[in-house]
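Line order of the protein sequences matches chains X and C. Sequential numbering of the first sequence, starting at 40, is according to the working numbering. Sequential numbering of the second sequence, starting at 11, is according to the working numbering.
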Amino acid sequence: MTEPIYRANVLVCAGTGCASSGSRSTMAALEAEVQRRGLQNEVRVVETGCRGFCAMGPIVIVYPEGIFYCQVKPEDVEELVEETLVKGRVVSRLVYEVPDTQQAVPLYEQIPFYSKQQRITLRNCGVIDPESIDEYIARGGYEALGKVLQEMTPSQVIDEVKASGLRGRGGAGFLTGLKWQFTAQAAGDIKYVVCNADEGDPGAFMDRSILEGDPHSVIEGMMICGYSVGAHEGYIYCRAEYPLAIKRLHLAIEKAHEYGLMGKDIFGSGFDFELIVKEGAGAFVCGEETALIASVEGRRGEPRPRPPFPANQGLWDRPTNVNNVKSYANVAQIIRNGAEWFSKIGTPKSPGTAIFALTGKVQNTGLIEVPMGITLREIIYDIGGGVPDGKQFKAVQTGGPLGGCLPASGLDLQVDFDSLRAAGAVMGSGGMIVVDEDTCMVEFCKYFLTFATAESCGKCVPCRVGGRRMLELLTRISEGQGTMADIEMIEEIARGMDSDSLCALGQLTPGPVLSALRYFRDEFEAHVLEGRCPAKQCVALTSFYIDPAACKGCGICKRACPVQVIEGDRRMIHIINQDGCIKCGTCQEVCPFDSVIKLSGETIEVPTELIPVGSFGK
Amino acid sequence: MVLEQTKTEDRAAFDEGPLEEILDSFSAQEGAVIPILQRAQQAYGYLPEEALRMISKRTGFSLAQLYGVATFYSQFYLQRRGRHVINICDGTACHVKGAPRLVTTLEEELGIKAGETSPDYRVTLEVVYCLGSCALAPMAVIDGQVYGRLVPEKVLKLVRELD
């Protein structure tokens, strides 16, 4: 090994977010520039996994200083190399600026988006080259596996994981160690370990980031689990929508084999382990463990009643431990640093960290990892930077389409499994979507129900029929045809779905609607009783008007109207014929004078015939 | 009439070669139905009836079972698809940031509904739930390439540039 000692490392994020912002060409430009200046033995350019701050991509970090550059384009590269890598100066125009104060923050760890985070599960993401097993090992990787295989008995491993208090990161929050114990105690010679990487929740991408940014951490966790439950074969069920994650998993498995960390007689311990990657085929319900197992077996991914639980009767009817990507990714560190270390992070009942995909109407969108117990306010305002464009915060939706939403009054709630559930939202897999005043809660619920009904597998009646009926009722409400009895009916259907559905998909489908009714009931009632959509989003309840006092008679709206319902002439006040209007909003968008207004539940007075600009009301 | 003709042509043109290879490579694997269908679709662009029949014959899975699997998962297509595939993400983050507008814009532009393929097989327009790039919402994937922070004009431009 004659690899030179580099004086600087330039880390380029190549997660899917940064990649679609063009990080590949930035990377290529950096490599070329470093070559051109003959710095290739002093400066190393590394492609890393996701750094989390996707909104600012492509992200480039220069070490050892830790200078954080945002939105680096190929044309910025020459200056970056010249200034930072040759002269040792910061390129201030590429540095992160706090949106409100315009204060420049050159160093990675001082950026507010990162300073409140605690990266444990994601500790390697964006730091190492995910395609290099050496870098994973250099950061302590596979130490835990060695320790487990050489110094610990399977039951000691289970006790350690139990003592850490780690709870399943897939959303339900069941004790991981206990789950392992069930599988370990189940009768049978052949057992399996399965990793649920079927991250189907819209608005969640943490599993993908881990698989893309630190695949070995998941593999190591699965192998430790395999050893402790007595399994020699593992399956990673990954969405086919994540091609990069699949590629890196395959590569990581191949490397682990090469290094003797997988296969037969690992570390001379006599323990054998093989790992197979299975690609999902696009069915949300496969995130449910029994459906996932059916899919791995090559069948329709329909859930079945539990018990028997997979721990006793799982893949091919054999004892199977199923955990989420994040759960496995935590295991190696728990073993290496001890259960006590882990249990001190977060809250006593929900130890460790939580990863959220913070998206929607916040300044700083991206992937964050925070200690459990942090408040929603800290996440949304301190890390997320608040709601952009001076709009009002309205709600935060957690747990994806099967989760729930919380209003502003819930912002001081501590984030952990139990307190979120008590408030009607759930931890779920970690999507966190912020919505502002422009989002109508009725429409928002309709959206989630549309998703849930489309993804219902159709096996059990409460989910298949209940979801549809609920969606019909909500549609009626959003069209101004609803009654108060419809709201009651929604609640009744919700109770039935919750108690009688076969799996979590049906049980949790009513979640978003119920939480919206709990916190935003007045908004539903405004639709029903006043025919008004407060957010002015429900098409049937809104109308567009041209403000006669503001219209300049330029005719732009008239020409742009796709259904030609705007009447007007040069220097005449334009009028929208309400009967034919399809409410597409084009006129409002094109009007250079902001004269088109959108109303719900009210009207304004407009001229009945064409009159000259400025003459209305005179 | 024209449709009938294409159908016969398609049938005549069905090349068993690629599928033969796929089936050989999976012959001994338990539960390989989904991977076989995935590879077959990769080879043919969709799952022609002939392919399903052949898979059934060779693997012993009944045609009904294969059809059940193929229709359960959103990834499988029983109809021929366009040369270009546009996936508009309507995940929650994209939804609140304006994905529905992108969909209606393209529906108007292409004269087809979401989920349909243009009659000349140029494009297939699809709405999908979450492609995991929520920080760049609203986003779309066109022929495998990710495009973020879209607005109707930008997506129109991208689609008009397709051959």
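Even glycine gets a Cβ: it sits at the ideal position worked out from N, Cα and C.
Neighbour flag for residue i against chain X, beta carbons, 9 Å
| i | result |
| --- | --- |
| residue 94 of chain C | no |
| residue 14 of chain C | Any reading at residue 14 of chain C must be qualified, since the residue scores a pLDDT of 42, below 50, and its modelled position is unreliable; no value is offered. |
| residue 89 of chain C | no |
| residue 56 of chain C | no |
| residue 44 of chain C | yes |
| residue 107 of chain C | yes |
| residue 66 of chain C | no |
C-alpha gap between residue i and residue j, whole angstroms
| i | j | result |
| --- | --- | --- |
| residue 367 of chain X | residue 617 of chain X | 58 Å |
| residue 379 of chain X | residue 202 of chain X | 7 Å |
| residue 311 of chain X | residue 217 of chain X | 23 Å |
| residue 229 of chain X | residue 357 of chain X | 7 Å |
| residue 102 of chain C | residue 425 of chain X | 18 Å |
| residue 551 of chain X | residue 284 of chain X | 30 Å |
| residue 172 of chain C | residue 595 of chain X | 30 Å |
| residue 82 of chain C | residue 340 of chain X | 8 Å |
| residue 113 of chain C | residue 120 of chain C | 10 Å |
| residue 657 of chain X | residue 562 of chain X | 38 Å |
| residue 258 of chain X | residue 160 of chain X | 13 Å |
| residue 543 of chain X | residue 332 of chain X | 15 Å |
| residue 44 of chain C | residue 337 of chain X | 5 Å |
| residue 313 of chain X | residue 384 of chain X | 32 Å |
| residue 478 of chain X | residue 256 of chain X | 39 Å |
| residue 41 of chain C | residue 335 of chain X | 7 Å |
| residue 214 of chain X | residue 492 of chain X | 30 Å |
| residue 441 of chain X | residue 124 of chain C | 24 Å |
| residue 208 of chain X | residue 173 of chain X | 27 Å |
| residue 409 of chain X | residue 146 of chain X | 20 Å |
Cutoff 8 Å; reference residue i; Cβ partners in own chain excluding five residues on either side
| i | result |
| --- | --- |
| residue 565 of chain X | 571, 572, 573, 640 |
| residue 579 of chain X | 517, 518, 519 |
| residue 685 of chain X | In the structure displayed, chain X extends from 40 to 657; residue 685 of chain X sits before or after that span and is not available. |
Any chain C beta carbon closer than 9 Å to residue i
| i | result |
| --- | --- |
| residue 499 of chain X | no |
| residue 323 of chain X | yes |
| residue 40 of chain X | Note that residue 40 of chain X scores a pLDDT of 47, beneath 50, so its modelled location is shaky and nothing firm can be said. |
| residue 86 of chain X | no |
| residue 44 of chain X | no |
| residue 123 of chain X | no |
| residue 510 of chain X | no |
| residue 398 of chain X | yes |
| residue 496 of chain X | yes |
| residue 670 of chain X | Outside the shown range of chain X (40 to 657) lies residue 670 of chain X, about which nothing can therefore be said. |
| residue 554 of chain X | no |
| residue 337 of chain X | yes |
| residue 247 of chain X | yes |
Integer Cβ distance of residue i from residue j, believed to fall under 8 Å
| i | j | result |
| --- | --- | --- |
| residue 535 of chain X | residue 499 of chain X | So it is not a contact: roughly 11 Å between Cβ atoms. |
| residue 252 of chain X | residue 369 of chain X | Going by Cβ atoms, the distance from residue 252 of chain X to residue 369 of chain X rounds to 15 Å, so no, they are not a contact pair. |
| residue 272 of chain X | residue 298 of chain X | That pair is no contact at about 19 Å. |
| residue 148 of chain X | residue 96 of chain X | That belief does not hold up - the Cβ atoms of residue 148 of chain X and residue 96 of chain X are roughly 19 Å apart, past 8 Å. |
| residue 122 of chain C | residue 109 of chain C | The pair is not a contact, with the Cβ atoms about 17 Å apart (cut-off 8 Å). |
| residue 116 of chain C | residue 165 of chain C | 6 Å |
| residue 151 of chain X | residue 421 of chain X | 6 Å |
Cβ neighbours of residue i in the same chain (closer than 7 Å, five flanking residues each side left out)
| i | result |
| --- | --- |
| residue 590 of chain X | 612, 613, 634, 652 |
| residue 153 of chain C | 94, 95 |
| residue 66 of chain C | 72, 73, 76 |
| residue 138 of chain X | 402, 424 |
Under 7 Å from the C-beta of residue i: neighbouring residues of chain D
| i | result |
| --- | --- |
| residue 241 of chain X | The displayed structure is made up of protein chains X and C, and chain D is not among them. |
Nonlocal neighbours in the same chain, by C-beta distance under 6 Å from residue i, ignoring five residues either side
| i | result |
| --- | --- |
| residue 28 of chain C | 53 |
| residue 480 of chain X | 555, 559, 562 |
| residue 49 of chain C | 32 |
| residue 159 of chain C | 146 |
Should the segment 504 to 517 of chain X be regarded as contacting the segment 613 to 628 of chain X, the criterion being three or more beta carbon pairs within less than 8 Å?
Touching, no.
Should the segment 642 to 650 of chain X be called in touch with the segment 21 to 35 of chain C, which here means at least 3 C-beta pairs below 8 Å?
In this structure the segment 642 to 650 of chain X does not touch the segment 21 to 35 of chain C; the number of beta carbon pairs closer than 8 Å is below three.
contact_flag[the segment 161 to 171 of chain X, the segment 343 to 363 of chain X] where n(CB pairs < 8 Å) is 3 or more:
Verdict: no, contact absent.
Is the segment 489 to 504 of chain X touching the segment 318 to 325 of chain X in the sense that three or more CB pairs, one from each, lie closer than 8 Å?
Enough Cβ pairs lie closer than 8 Å, so yes.
Is the segment 51 to 58 of chain X touching the segment 78 to 96 of chain X in the sense that three or more CB pairs, one from each, lie closer than 8 Å?
A contact exists between the segment 78 to 96 of chain X and the segment 51 to 58 of chain X.
Are three or more beta carbon pairs between the segment 177 to 195 of chain X and the segment 253 to 263 of chain X nearer than 8 Å?
By the Cβ criterion, the segment 177 to 195 of chain X is in contact with the segment 253 to 263 of chain X, since at least three pairs of Cβ atoms, one from each stretch, lie closer than 8 Å.
Quick test of the definition: if touching needs 3 or more C-beta pairs under 8 Å, does the segment 415 to 430 of chain X touch the segment 500 to 507 of chain X?
These segments do not touch.
Is the segment 407 to 424 of chain X touching the segment 433 to 451 of chain X, taking contact as three or more C-beta pairs under 8 Å?
Flag = yes, the segment 407 to 424 of chain X and the segment 433 to 451 of chain X touch.
Contact the segment 463 to 481 of chain X vs the segment 231 to 247 of chain X: 3+ CB pairs below 8 Å
Touching, per the Cβ criterion.
Kindly confirm or deny that the segment 117 to 129 of chain X and the segment 383 to 397 of chain X touch, where touching means at least three C-beta pairs closer than 8 Å.
No, they do not touch.
Do three or more CB pairs link the segment 129 to 137 of chain X to the segment 103 to 118 of chain X at distances below 8 Å?
The answer is yes - the segment 103 to 118 of chain X touches the segment 129 to 137 of chain X, with three or more Cβ pairs under 8 Å.
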